[in-house]
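Every letter in the sequence shown is one number past the one before it in UniProt numbering, and letter 78, counting from 1, is 78. Quick reminder that beta carbons are idealized off the backbone N, C-alpha and C, glycines included. Have a look at the structure below before the remarks.
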Amino acid sequence: MGSSNKRPSDGALSSTIDFTLPHTLSDTVRESEALSTGPETFFIWFTVTDTGRGIKPDEKTKLFSRFQQASPRTYSKYGGSGLGLFISRELAELQGGEIGIATELDVGSTFAFFVKTRPTTPVVEQRPVNEFPLRPRSGSAQTSFSNEIAQIHVLVAEDNKVNQKVLKRQLTNKGYVVWTADNGQEAVDFLRQTRYWNNADKPKAHQEKELHVILMDTEMPVMDGLSAAKEIRDMQRSGTLKGHVPILSVSANARPEQTSMAIAAGMDDSISKPFRIADLTPKIDRLADLAHAT
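Given below as structure tokens:
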């Protein structure tokens, strides 16, 4: 199971472990034919079933909220931060899926979620359903997830102050560190403050700002996004910048020729306005991996 798909199940598993000891639980992983949309896209269905105490109807509404647990007695008896299922929901939605629960008091609960994916080559052989005895968990899935997202620093280059403010708030709420620029020239100038800058005029006492991805709006005053991307790539080729600066083109024009122009200018990927934050963040995360690799 891939690490991104594994994390929602980690949250569900950790929650069932908290409420199930010393009983057992089982998990299943299968393709969902009912949700399939074609040969190039399919959905994987995960379920985790426990034999714990079950959950009351009025408690179910709190389960997937941040820092919430089913009842005030939950922490004192079972421990935990209340983050596991919130993070599971966030991860499932980021991967085009959903998460839910079916439960019965004094019988147990079944957590289920699905994620959108594509076939790989070669096809990995499917493994049978696992059923296993419980053992104490050694770590916290939500801690590593929070740390990973907190390490991603994004520069939003957007001239519309309202859009800039809204996007900054949305990304900050998701755990990203966000810088802003009002046009392409400011985005280029911002690189002087980062680890990418390789020029001798950097002050000795200068503290570098971390940066992993630039969200570059294509239509801005002073310097548009395409021109800024070209200048950044020229600075890389000349040695003024060290390493590859990942740039994500943001445009209201979704025509193929516009996307091709963005890629030709040096953008690494593109997204069209209006977009959902759930569609944007996977692109940011993928490009951030490029930054970590350079």
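Give me the Cβ distance between residue i and residue j, rounded to the nearest whole Å; I'm assuming they're in contact under 8 Å.
i, j, result
"leucine 248", "isoleucine 277", "Between isoleucine 277 and leucine 248 the Cβ distance is about 13 Å, and since that is not below 8 Å, they are no contact."
"leucine 94", "threonine 240", "Wrong, their Cβ atoms sit about 35 Å apart, outside the cutoff."
"glycine 225", "glycine 266", "With 8 Å as the limit, glycine 225 and glycine 266 do not qualify as a contact, their Cβ atoms being about 10 Å apart."
"glycine 54", "threonine 103", "5 Å"
"histidine 212", "alanine 262", "At roughly 19 Å, the Cβ-Cβ gap does not stay under 8 Å, so histidine 212 and alanine 262 are not in contact."
"alanine 228", "alanine 187", "5 Å"
"proline 246", "aspartate 268", "5 Å"
Thinking just about the alpha-carbon of each residue, which of the options is nearest to the one in residue i?
i, options, result
"tyrosine 196", "Ile232, Ile55 and Leu280", "Ile232"
"leucine 167", "Ile44, Asn253, Asp217 and Met223", "Asp217"
"phenylalanine 113", "His153, Ala157 and Ile44", "Ile44"
"asparagine 160", "Val154, Gly243 and Met220", "Met220"
"asparagine 163", "Lys174, Ile214 and Asp182", "Asp182"
"glutamate 210", "Lys165, Met223 and Arg192", "Arg192"
"lysine 56", "Arg237, Thr281, Ser109 and Val156", "Ser109"
"phenylalanine 46", "Leu171, Ala92, Ile87 and Val245", "Ala92"
"valine 154", "Asn173, Lys165 and Thr180", "Thr180"
"valine 177", "Asn198, Gln258, Ala228 and Leu215", "Leu215"
"threonine 172", "Asp189, Ile152, Glu186 and Glu158", "Ile152"
"threonine 117", "Gly100, Gly96 and Gly52", "Gly96"
"glutamate 98", "Val107, Leu105, Ile87 and Glu257", "Ile87"
"valine 115", "Val107, Arg89 and Leu105", "Arg89"
"glutamine 258", "Ser272, Val245 and Pro246", "Ser272"
"residue 299", "Gln207, Asp50, Ser251 and Arg255", "Any question about residue 299 goes unanswered here, given that the chain covers just 1 to 294."
"aspartate 189", "Val222, Arg169, Gln170 and Lys165", "Val222"
"asparagine 199", "Ala264, Lys242, Leu105 and Glu59", "Lys242"
"valine 48", "Ser270, Gly100 and Asp58", "Gly100"
"proline 274", "Ala264, Ser260 and Asn253", "Asn253"
"valine 107", "Gly52, Glu59 and Asp58", "Gly52"
"phenylalanine 111", "Ser270, Gln236, Gln170 and Asp50", "Asp50"
"aspartate 234", "Gln207, Ala264 and Ser270", "Ala264"
Would you list the one or two residues that DSSP bridges to residue i?
i, result
"phenylalanine 111", "Val48 and Ile101"
Regarding residue i and the ligand MG, is the C-beta to nearest heavy atom distance less than 6 Å?
i, result
"alanine 264", "Judged by which ligands are present, the structure shown has none, so any question about the ligand MG falls away."
Of all the alpha helix (DSSP H) runs that stay within the bounds of the UniProt domain "Response regulatory" (153-288), which reach a length of 4 or more residues? Complete alpha helix (DSSP H) runs here, min 4: 161-173, 184-190, 225-238 and 256-265.
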